[in-house]
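The structure appears right after this line, and notes come after that.
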Amino acid sequence: MTKNSVYLLLLAAVLFVAVSYVLDFRAKKYYRVHAPEVDRLEVEAKELNELKRMFDRSKTKSFINSLKRLRNPSKDYKRGGVRVLEFSALDKNSLRLIIKKILNSGIKLKTFRVMREKERASLYLEIYI
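Taking numbering that gives the first Met the number 0, the leading residue of the sequence shown gets 0, the next gets one more, and so forth.
Structural data, given as structure tokens:
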């Protein structure tokens, strides 16, 4: 390698380091200026996602339909923004499946009541719609 090529290589390395430093400095400055806006957008996105999860009626409807497929409720009616499902004469296995489905769903319940008898059980659910 000649002396000129070593100098050119050294100059290219110094330029690369300088450009990297300037870009890093500008990126940090840009982040400092726009960080509050990014944080605000993240908070708004979380709030919108929470509202969507709370008021997603299609999820509630599909959950109720899946419960009906497991076992047909003896009573099913709406009352003041709440859907009431009453299951009667459930055997141990049906009760276990329904409770497992409810626990894994994340649906908001107003009332959850199990009345056990000797061999059978009854289940009373009030689901926010």
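Where a beta carbon is used, it is the ideal one built from N, C-alpha and C, also for glycine.
Closest to residue i by CA distance: which of the options is it?
i: P72; options: A44, R78 and I97; result: I97
i: L102; options: L66, D23, R70 and F15; result: L66
i: E125; options: K91, F111, R115 and T1; result: F111
i: I128; options: L122, Y76 and E118; result: Y76
i: K79; options: N3, Y20, K28 and K109; result: Checking the displayed sequence, the identity of residue 79 turns out to be Gly instead of Lys. For the residues N3, Y20, K28 and K109, the minimum Cα distance to G79 belongs to K109.
i: A57; options: A12, K99, I106 and A26; result: The sequence shown places Ser at residue 57, rather than the Ala named in the question. Among A12, K99, I106 and A26, the Cα nearest to that of S57 is on I106.
i: R68; options: R39, L40, V81 and K100; result: K100
Tell me residue i's beta-bridge partners as DSSP assigns them.
i: R112; result: Y123
i: K77; result: R82
Give the range of the beta strand (DSSP E) segment to which residue i is assigned.
i: S87; result: V81 to L89
From what residue to what residue does the alpha helix (DSSP H) around residue i run?
i: I63; result: R56 to L69
Note down, in chain order, each residue of its chain lying with its Cβ closer than 7 Å to the Cβ of residue i, except the 5 sequence neighbours on either side.
i: K60; result: none
i: R119; result: A88, L89 and D90
So, at 6 Å on beta carbons, what are the nonlocal neighbours of residue i in its own chain, with the 5 sequence-adjacent residues on each side left out?
i: L94; result: A120
i: K74; result: E85
Using a Cβ-Cβ cut-off of 8 Å (strictly less than) and excluding sequence neighbours within five positions of residue i, which residues of its own chain qualify?
i: R25; result: none
### Task
Give a yes or no on contact between the region 50 to 59 and the region 84 to 100, applying the rule of three or more CB pairs nearer than 8 Å.
no
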